[in-house]
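All remarks here apply to the structure that follows.
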Amino acid sequence: MATQTEDTNVTTQFQQVLQILNCEYERVSGELSKKEAETERLRQAVNTVAAIHNAYLGLTSVWKEEDPGKYRPSYFLMNHKGDPLIPREVVPSEKRGSWGLCSRLVEIENAWHLECPGCKEKRPVILRYHQTFDSPDGDTWEKRWNIYCQKCFLITQVERPAYSPHRF
73 MATQTEDTNV
83 TTQFQQVLQI
93 LNCEYERVSG
103 ELSKKEAETE
113 RLRQAVNTVA
123 AIHNAYLGLT
133 SVWKEEDPGK
143 YRPSYFLMNH
153 KGDPLIPREV
163 VPSEKRGSWG
173 LCSRLVEIEN
183 AWHLECPGCK
193 EKRPVILRYH
203 QTFDSPDGDT
213 WEKRWNIYCQ
223 KCFLITQVER
233 PAYSPHRF
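Structure representation (structure tokens):
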């Protein structure tokens with residue numbers, strides 16, 4: 073049979089082990105929380121950079137689309153009147169005179185620009201146009217006006233999104 077002193081020693085040892093484990097658990101949990109926060113920050117940064125990339129990539133190909141916005145978002149430059157325009161720089165010179173295309177071409181520096189709230193540099197306002205719902209009973213089309221800053225990786229909403237059951 074164990075003596076009372078031996079029982080007290082064992083209890084004290086378990087308490088010490090539990091105290092060490094509690095401290096280690098708190099330390100590792102705190103470290104994990106920091107890593108999770110950093111992972112989320114990086115995930116958001118990747119998503120933002122991807123959205124900016126897609127917007128600028130979309131500007132280079134919108135002139136080729138037969139049905140802009142129908143199957144994926146289409147991107148346009150804008151003028152101050154709100155007309156969707158295509159960057160002249162991305163359209164091959166032999167295609168610039170095509171019917172319906174020539175009046176929609178604009179030099180990037182002549183498009184509507186606003187100041188990026190992050191870096192304070194002027195950036196073009198880019199329209200994101202997309203069919204968000206397609207049904208025999210009706211469609212939903214969405215327009216979003218944003219500044220996509222490739223310098224400070226910030227996307228700024230210029231106006232509230234507009235939705236319509238018809239093409240804009």
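The sequence shown begins at 73 in the working numbering and counts up one residue at a time.
We put the CB at the ideal spot given by N, CA and C, even for glycine.
Who does residue i pair with in a DSSP beta bridge?
{"i": "Arg-200", "result": "Tyr-147, Arg-216"}
{"i": "Ala-234", "result": "Lys-215"}
{"i": "Arg-195", "result": "Leu-186"}
{"i": "Cys-221", "result": "Leu-226"}
{"i": "Leu-177", "result": "Ile-158"}
{"i": "Phe-205", "result": "Thr-212"}
Return the residue from the list the options that minimises the CA-CA distance to residue i.
{"i": "Val-134", "options": "Lys-194, Tyr-201, Asn-151", "result": "Tyr-201"}
{"i": "Trp-213", "options": "Ala-122, Ser-105, Thr-80, Lys-142", "result": "Lys-142"}
{"i": "His-238", "options": "Ile-198, Leu-149, Pro-208, Gln-229", "result": "Pro-208"}
{"i": "Asn-218", "options": "Ile-198, Gln-203, Asp-206, Thr-204", "result": "Ile-198"}
{"i": "Ile-158", "options": "Lys-167, Arg-176, Val-100, Gln-87", "result": "Arg-176"}
Where do the ends of the alpha helix (DSSP H) carrying residue i lie?
{"i": "Val-121", "result": "76–133"}
Mind checking which residues open and close the beta strand (DSSP E) that includes residue i?
{"i": "His-185", "result": "185–187"}
{"i": "Ile-158", "result": "156–159"}
Taking the straight line between their C-alpha atoms, what separation do you get for residue i and residue j?
{"i": "Tyr-235", "j": "Gly-154", "result": "15 Å"}
{"i": "Gly-210", "j": "Ser-146", "result": "20 Å"}
{"i": "Ser-170", "j": "Glu-181", "result": "22 Å"}
The segment 185–195 contacting the segment 117–136, beta-carbon criterion three pairs below 8 Å | no
At least three beta-carbon pairs within less than 8 Å, the segment 217–228 to the segment 103–121 | Contact holds: three or more Cβ-Cβ distances are below 8 Å.
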